[in-house]
Amino acid sequence: MRNISAVIIAKNEEANLARCLNSIRWADEIILVDSGSTDRTKEIAAVFNAKIFDIKWKGFGHAKGFALSKAT
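Residue numbers are given in the numbering used here: position 54 of the sequence shown equals residue 59, and the series is strictly consecutive.
As structure tokens, then:
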């Protein structure tokens, strides 16, 4: 059996994040990479038991690679 990880890169997505995370509840794990949110993004992700990581923004490619490295 395979595990499925969902990875999300976000910044200040409180308006959309709950709907997004609700649609992927079936994933075995949710990885949220946050690049400096000042809203409730991380608080909302925590409600969905996402694994939350903070990064300094160095571009999408860097963020994607970092997120993928955290997925099991």
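Note that beta-carbon positions come from the ideal geometry of N, C-alpha and C, so glycine has one too.
Only residues of its own chain outside the window of five on either side were considered, and among them D39, I57 have a CB closer than 6 angstroms to the CB of K47, listed in chain order. Counting along the chain, the unbroken beta strand (DSSP E) around E34 starts and ends at 34-39. Inter-residue distance for S10 and K75 is about 9 angstroms (C-alpha atoms, whole angstroms). Per DSSP, I29 lies in no alpha helix (DSSP H) and is assigned neither H nor E. The continuous beta strand (DSSP E) containing S10 extends over residues 10-15.
The criterion of a C-beta distance shorter than 8 angstroms is not satisfied by I14 and C25.
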